[in-house]
Each structure stands twice: as structure tokens, then as C-alpha cells.
Amino acid sequence: MAQFTLVSGSVGLITLQNPPVNALSAATRQGIVDMMNKALNDPEVKSVVVCGQNRIFCGGADIKEFGTKISGPPLIPTIHTIEATNKPVVAAIEGSALGGGLELALGCHYRIAHSKARLGLPEVTLGLLPAIGGSQRLPRLIGVPAAIELITTGRHITAAEALQLGLVDHVTRSSTVDEAIKFAQSVEGKSLDSRRISNYPCPHLPDLDAVFEGVMQEVRQKAHGAIAPIACVQAVRAAATLPYLEGMEIERQLMETLFTSSQARALQYTFFAQRAVSRWSMPSGARWDTSMPKPVHKAAVIGLGTMGRGITVALAQAGLSVVAVETQEKQLKEAKLVVSGILERAAQRRGMAPTLAKITYSHDIRAVADVDLVIEAVFEDEALKEKVFQQLSAVCKPGTFLCTNTSSLDVDHLASLTHNPELVVGMHFFAPAHVMKLLEVVYGSKSSPEALATVMQLGKRMGKVSVAVGNCWGFVGNRMLKPYMEQAFYLLEEGATPELVDQALVEFGFPMGVFRMSDLSGTDVYWKIRKEAEPVGASGQEARVRKGLRYSPLGDLLCEQGRFGQKTGQGWYQYDKPGSRVARPDPWVHNFLEEYRARHGLVARRIDHAEVLERCLYSLINEGFRILEEGIAAGPEDIDMIYVFGYGWPKHRGGPMFYASMVGLAKILERLEHYHRAHPDVPFMQPCSLLRKLVTCGSPPVHKWKDVIKKIHSQL
Ligand SMILES: CC/C=C\C=C\CC(=O)SCCNC(=O)CCNC(=O)[C@H](O)C(C)(C)COP(=O)(O)OP(=O)(O)OC[C@H]1O[C@@H](n2cnc3c(N)ncnc32)[C@H](O)[C@@H]1OP(=O)(O)O
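Heads up, the final residue of the sequence shown is numbered 715 in numbering that gives the first Met the number 0, and it's a clean run with no missing numbers.
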């Protein structure tokens, strides 16, 4: 797993060999220890270069080994040996030097990077901290503020930025290994006293306590309950205030707590789940590895409202030629300005030229005649979308994929209006479409595997986490959101306030609660959807019943008052003025709730955070099980990535289905049964049969659920 070669007569070249990313598995660590000992003990070797096979230095620890009993040698003693030796050791960094990989490089005396290399300490994204000396060496090398930023965000930086920070000594565009070998020879026999980072004092910061207090407050606020970023700050503080070896002991103690935490398990699950969802499958048996995507060079966007503009930006940034169509002249002009502005600012940030020339604007739908793929993003109105699909089917060249950015309409129905329903796929973007990572890719009953493969590949090009799901009301994300929101309304009826419900959800880790979120996106958005989905309600007691089940008209009544949320300055909260982001509890809403309860004979009771979480989250999870049972999502990872990347589910809790497995399926079942007994008229609380079956099967871990579901389906 590591190879030693003597090159140029005196340089020991150690090559890490563990494809695909030369991760530091037990065998690779053993290889490093053995080859380094060989190099340092060989009198012929006067200097050493460490590099990675296949133009990647090292992707850090082997994440697959986390959660198992760690075997193999630790790296800390070897890194100390490297640093202490009098033979110069040079890290030749190509591709990535991440996590333990970069920590190994920090133990070397010199670092030479290729200009395309990326470096970082992403341990925090896995619920950990850099614990083979990274948290102690990095601040000594680049200073406390820069180190804190890199370690608490896990951001990967370019070689150019690394050079600017002093993290690498030299950046090259030619062969990094050849340069490193030449350089190593040039410093053979020279003193290395100034190259041992652990001997450096941490660069002085005036008013250290105040700096760390400020940083801790900021990090805590952004962490939404994640513990690793806090531990990272504590470790860097140890580097700034203690001798190296004492700092290392703090680093070790902090890592010990993080390593076995449920948050680390959740984040590591997310790492693999994010990659697993790209390996999609359809109920027909079609799969990612047997379906060929078609090339997409030119795409079109129809409708340049907020969503259409974001999609246009995302497509242009992915390098596609885009035809952007909007029939209203004023909207078209405005869209052109907004899209160009976003692209220019983004290009400026990246120090690149904007991709404006790749977009042509038109008010005529016939301008899309020669594109390979169209994304319809007109207003969410069924009749309008129907018309657009009929037009597209008539004007597009044969073979053009027709996609709809609907969030709730039936993809099969739209497909049925076209000549080639097999070419129709849903692309459900999340606002703002050029920023949000999630893309729900909805295949209809007639969508071809080729169409799905094409759209999934396009999603990847746009940098999205694309998740393939089947067609049903609300697809996966919004379908699961319905019971979650409904429970929140029932809680208000029973005595809660919007603030209480939201606070419980924020403490759980959501960036905002359901009512604040509803105000932000507009309370009228779901009002419209509810009006379309539910028959119009009656008055009096009947107002709280739909199709024989409990219904809360609270959201409708709020909208009838014109309280559409942040944009109108009033919703579930009050705002200083329309558009203001500062939400304050609103006595009007409290009064409105009291009057409502009095009108319907409801007696307010005390509701605690635990009840809020159980009712909102377990009903959402229950719907997730139904979605799995129906085969709308291929596996729990698909649901989890939709919620993590599209709905603000805290990453350190792994997504709703992973969370359910951590809470324990038996407990979820028991609580759902309890609430279903207490509220038999509440839809969505009756435990789903898949949940019952999984509990009967002994509550297997989440990665085994697919097997159970397959077995159930094969028995049907
Ligand atoms: C005993 C402990 C010693 C030291 C401890 C140190 C702490 C750490 O190092 S924590 C780990 C820190 N490292 C990371 O977080 C890096 C994670 N990887 C990445 O960011 C990316 O994979 C990449 C290295 C930048 C490469 O990206 P890309 O080219 O887009 O490929 P991917 O699809 O992401 O990955 C390909 C393939 O490799 C698997 N993989 C990647 N990194 C690791 C890893 N560190 N351990 C195990 N496996 C890894 C990834 O899952 C993919 O596998 P598939 O099966 O093809 O999905």
C-alpha cells in the first residue's frame, strides 16, 4: 500500500498506493511506517519525497474504517519521526491532500503542490477534528484566524491560496514529483531546524481571549447544534495557548469524544449516501450503470421568473449554451439583467471571465427548436404548463428531452400531452436554483432510462446532489413535508405558539422552524396547493374536517387576512416592514389563535419541545416509510439526501430515515401508535406497515433496509 524507490541516486521516493484516493487505510498506514523506516535507515537515502499514486496525494483517513474497530499503526509517531529526522522530507502534492493526507504533509519539512491541487482539513464535515497534529501544526504555520476558518469549515482550498497562506512552499505547473525530487536533492545536508512546524510558536494574537470568545460565538451560531466545529475551536485554542505536546493531548481528548459520537456517524453516513444516490435505479430494473446518457450541449429554460433565472445561471455555469425564453418583454429584460449580474459577480469571485455569451434570450418559444433539452419553469399553474408542453412537443427537434420544474404537478399528465412521453422527466429545483444543492429528478411511468440518465448527468454537471424519485403528489420532499406542517398546525390548535414550535425545531438543528420557513417562502404558496388538493371547506365545526379526517384551516385563515409572511411584513410573525428578515412574535397571532380555539371549543394545554419534535418529525418519517414501501424512493439514502440538501435537515443528524434508525424504529413505532390512539382522526399518524415489518425483523440498520424492502416486494 506504499512503495519505496530509490531515485536520482539519493532520494527515497515513497508512493502511497490505495486507489481511488490513496486513503489512509490500516494497510496504507502500515506501508507508510515501513517505507519511511526503510528510507530513514538506509544510508544511501539522503532525502525523501512522499507522493501519491495516480496523481492524487491522499484523500485522508479511510472513512470506511470509521465505525469499525481501528487496526493498524497510528500515524502520529511516524509523523514525529519524519519531523525529527535530519533527512529532508518533501511532500509532492498532486490532486488532493485532505485530512490525514494534509496532516502527513504538515509533518514533512517542505510542501510542493501542483497548481491544480486542492488542500484542506475536512474532518469537521465528518464530525471529527484534525487529530494527527493538524489542529496544532496548522495555526503554528498559517496563524490562528486562517487556521480556524479552514478547520471549522473544512473548506478545500486551491494551491494558489495555499501558497498565499504559507501552507505550501512552492506551486508548479509541471511534474510535481520531478520538482520535489530536484528540490529534495538541493536541500540534502542542510539544517532543518527552521522547518519543524511543531517547534514554531503560534503567531501572537493580541487579546487572544476576546478573539476566541468572538469566534466561538460565531461558530456556535453557524453549527446549529453540531459539536465538531466547537471542538475544532477548542483544539486551535490549545495550539495558541499551550506547548505543542500539551496541545496534542487536548487534540487527542477532543477526538476521543467526537470519534464515537452519533453526529460523526450521521455525517459519515451522509458522505457515502451523497455518493450512493448517484447510483440510481428504477422499479423497471433500469440502472445507472446500464443506461447511457445522451450528450447535452445546448439547453433551454422556459419562463424567467425567480426559478427560471436561477436555472439559467446554473446551466451557464455548467458550461452549456442556454436559450432563455420569456414571453413577457418586461420580465425578459429584467431577467437578463439579474442573470448577467449573478454570473458577473460569481465570475469575479472566482477570478474568471463570466459566461454571458453562452446565453441567448428570446420571447419566442420557437427559439428552442434546436436544443437538446428544455427545462420548463413557468408559473406553477397546471393549465399554463399543459399549454407549454404541447407547444414544446410541436417545436422541438426529435429526441429533445422535455423537463418540468414543477414542485407538485403530475409529471405523467404533462408527458401525456407530448408526442414522446419517454423523453419527459421532472427536474424539481430548490430556490435559489443556482445555489441550492438539491435536484429532485422525477421519472414518470413512461420516462426512458436514457432520459433519466441524461438528466442525472446534467444534474451532476451543475454540481447538484441529484436524487431520482418516482412520480407522486409532492414527489418525496413536499409529500413528507405535508404531515410535518399539518402537525405544526394541530399543535397550534392544541395550545402551542409558532415561536414554541419553531424553537423546538431550531434546537433540533433546522436553520429555522416551520412557521418562520413558511413566512420566508410565503404562506400563500402552500395555501394555493392546499386549495387545489383539498375540497373547499365548510364553516363551523365542519371547517376542521376534510374527507372525514382532521383538518386545520389555520393556515388558510391566516392567508385570508392577507398575511403572506415576510414579503407582506406579517405572517406567523411580524416584521418591521415588508421584506424585513427580523421576525418578532406577534400578539395579533396569539390573539387570533385564542379566538380560534374559543370558537371551536378547544382548550389550550401545555405542549413541550419533545412533543413538538415527536409529532412533527415522526409523522414526516412515517410518510418516508410509506414512500419507501411504494418504491417512490429507491432507498433511505435518497430520502435523507433530499432532506439534508433541500429541506435544511441538520446534516449531523443524517436525514430523517437515518435519524429514525438512531432513535430506534421500535420507539418511533411506539410513539406513532401512542399519538394515533390519542388522535385517531389525524391523518399520517397511523404507523406504516413497512415500519412495523422492519421492527418485526429486529430493526435492521439503515443500510440493510433495501434488502428487507426487496424481500417484501418479491413476496407481493
Ligand atoms: C486512522 C486515522 C488516520 C488519520 C485520520 C485523519 C482524519 C481524516 O482524514 S478524515 C477524512 C478526511 N478526508 C475527506 O473528508 C476526503 C473525502 N473525500 C473527498 O472529499 C473526495 O472524495 C475527493 C478526495 C476530493 C475526491 O473527489 P472525487 O474525485 O469527486 O471522487 P469521489 O466520488 O468523491 O470519491 C471517489 C470514491 O472514493 C471514495 N472515497 C473518497 N474519499 C475517501 C476516503 N477518505 N475514505 C474512503 N473512501 C473515500 C468515495 O466514496 C468514492 O467511492 P465510490 O464507491 O466510487 O462512491
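No residue lacks a Cβ here, since even glycine has one placed at the ideal position from N, Cα and C.
Am I right that residue i and residue j are in contact with their C-beta atoms under 8 Å? What's the rounded C-beta distance?
| i | j | result |
| --- | --- | --- |
| Ser688 | Pro448 | Going by Cβ atoms, the distance from Ser688 to Pro448 rounds to 29 Å, so no, they are not a contact pair. |
| Ala91 | Cys50 | 4 Å |
| Leu137 | Ala230 | Actually they do not touch by this definition, with Cβ atoms about 15 Å apart. |
| Val410 | Met640 | Contact doesn't hold; Cβ gap of about 20 Å is too wide. |
| Gly100 | Val47 | At roughly 16 Å, the Cβ-Cβ gap does not stay under 8 Å, so Gly100 and Val47 are not in contact. |
| Leu619 | Pro482 | 6 Å |
| Pro72 | Gln29 | 6 Å |
| Val312 | Leu355 | Rounded, the Cβ-Cβ distance is 11 Å, inconsistent with contact. |
| Ile62 | Phe270 | 6 Å |
For residue i, which option in the options has the closest C-alpha, if you only look at C-alpha atoms?
| i | options | result |
| --- | --- | --- |
| Leu314 | His169, Leu336, Ala265, Val454 | Val454 |
| Lys45 | Arg605, Ala1, Thr84 | Thr84 |
| Val210 | Ala239, Val295, Lys386 | Ala239 |
| Arg605 | Ala495, Lys709, Thr522 | Ala495 |
| Leu627 | Leu693, Val662, Ala237, Trp587 | Leu693 |
| Leu601 | Arg543, Ser173, Gly663, Trp648 | Arg543 |
| Gly512 | Ser24, Pro431, Leu616, Ser446 | Leu616 |
| Pro42 | Lys86, Lys386, Ser713, Pro282 | Lys86 |
| Leu438 | Ala452, Ala467, Pro420, His418 | Ala467 |
| Gly654 | Val373, Val707, Gln560, Gln267 | Gln267 |
| Asp371 | Ser446, Pro292, Thr27 | Pro292 |
| Glu328 | Asp363, Gly66, Ala503 | Asp363 |
| Ser443 | Lys703, Thr326, Asn419, Asn53 | The displayed chain sequence assigns Gly, not Ser, to residue 443. Ranking the options by Cα distance to Gly443, first place goes to Asn419. |
| Lys690 | Arg676, Arg670, Leu383, Asp680 | According to the sequence displayed, residue 690 carries Leu and not Lys. Closest by alpha carbon: Arg670. |
| Pro294 | Val701, Trp279, Leu457 | Leu457 |
| Ala60 | Phe378, Gln16, Gly98 | Gly98 |
Look at the Cβ atom of residue i, then the Cβ atom of residue j, and state whether they are nearer than 9 Å.
| i | j | result |
| --- | --- | --- |
| Gly732 | Gln316 | Nothing can be reported for residue 732, as the shown portion of the chain is limited to 0 through 715. |
| Ser551 | Glu485 | yes |
| Gly119 | Ser134 | no |
| Ser261 | Val170 | no |
| Glu102 | Leu74 | yes |
| Val337 | Val300 | no |
| Val424 | Ala450 | yes |
| Cys558 | Asp523 | yes |
| Val88 | Phe182 | no |
| Gly554 | Ser517 | yes |
| Phe591 | Leu556 | yes |
| Gly570 | Gly578 | no |
| His108 | Val186 | yes |
| Met788 | Val232 | A query on residue 788 cannot be resolved here, the shown segment of the chain reaching from 0 to 715 and no further. |
| Gly645 | Met435 | yes |
Looking at the secondary structure, which residues open and close the beta strand (DSSP E) in which residue i lies?
| i | result |
| --- | --- |
| Cys231 | It is not in any beta strand (DSSP E) - Cys231 instead sits in the alpha helix (DSSP H) that spans 227-240. |
| His113 | 109-113 |
| Thr403 | 400-403 |
| Gly51 | 46-51 |
| Leu601 | Where Leu601 is concerned, there is no enclosing beta strand (DSSP E), given that its DSSP letter is neither H nor E. |
| Arg195 | Where Arg195 is concerned, there is no enclosing beta strand (DSSP E), given that its DSSP letter is neither H nor E. |
| Ile92 | 88-92 |
| Phe278 | It is Arg, not Phe, that sits at residue 278 in the sequence shown. Counting along the chain, Arg278 falls outside any beta strand (DSSP E), and DSSP gives it neither H nor E. |
| Thr496 | Run containing Thr496: none; DSSP gives neither H nor E here. |
| Ile667 | Run containing Ile667: none in the beta strand (DSSP E); it sits in the alpha helix (DSSP H), 664-677. |
What are the residues that DSSP puts in a beta bridge with residue i?
| i | result |
| --- | --- |
| Ser520 | Its beta-bridge partners do not exist; DSSP assigns none. |
| Gly561 | The partner list for Gly561 (beta bridge, DSSP) is empty, contrary to what the question assumes. |
| Phe3 | Ile13 |
| Tyr442 | Val424, Gly469 |
| Ala159 | Per DSSP, none; premise fails for Ala159. |
| Lys297 | Ser320 |
| Glu375 | Ile301, Thr403 |
| Cys57 | Ala96 |
| Val170 | Ala112 |
| Leu118 | Ala96, Ile156 |
In terms of residue numbering, what span does the alpha helix (DSSP H) encompassing residue i cover?
| i | result |
| --- | --- |
| Thr289 | From DSSP, Thr289 is part of no alpha helix (DSSP H); its letter is neither H nor E. |
| Cys615 | 608-629 |
| Phe211 | 207-222 |
| Ala337 | The sequence given here places Val at residue 337; Ala does not occur at that position. Start and end: 328-349. |
| Val707 | 704-714 |
| Ala183 | 175-185 |
| His412 | 410-415 |
| Ser261 | 261-275 |
| Thr80 | 75-83 |
| Tyr642 | 635-645 |
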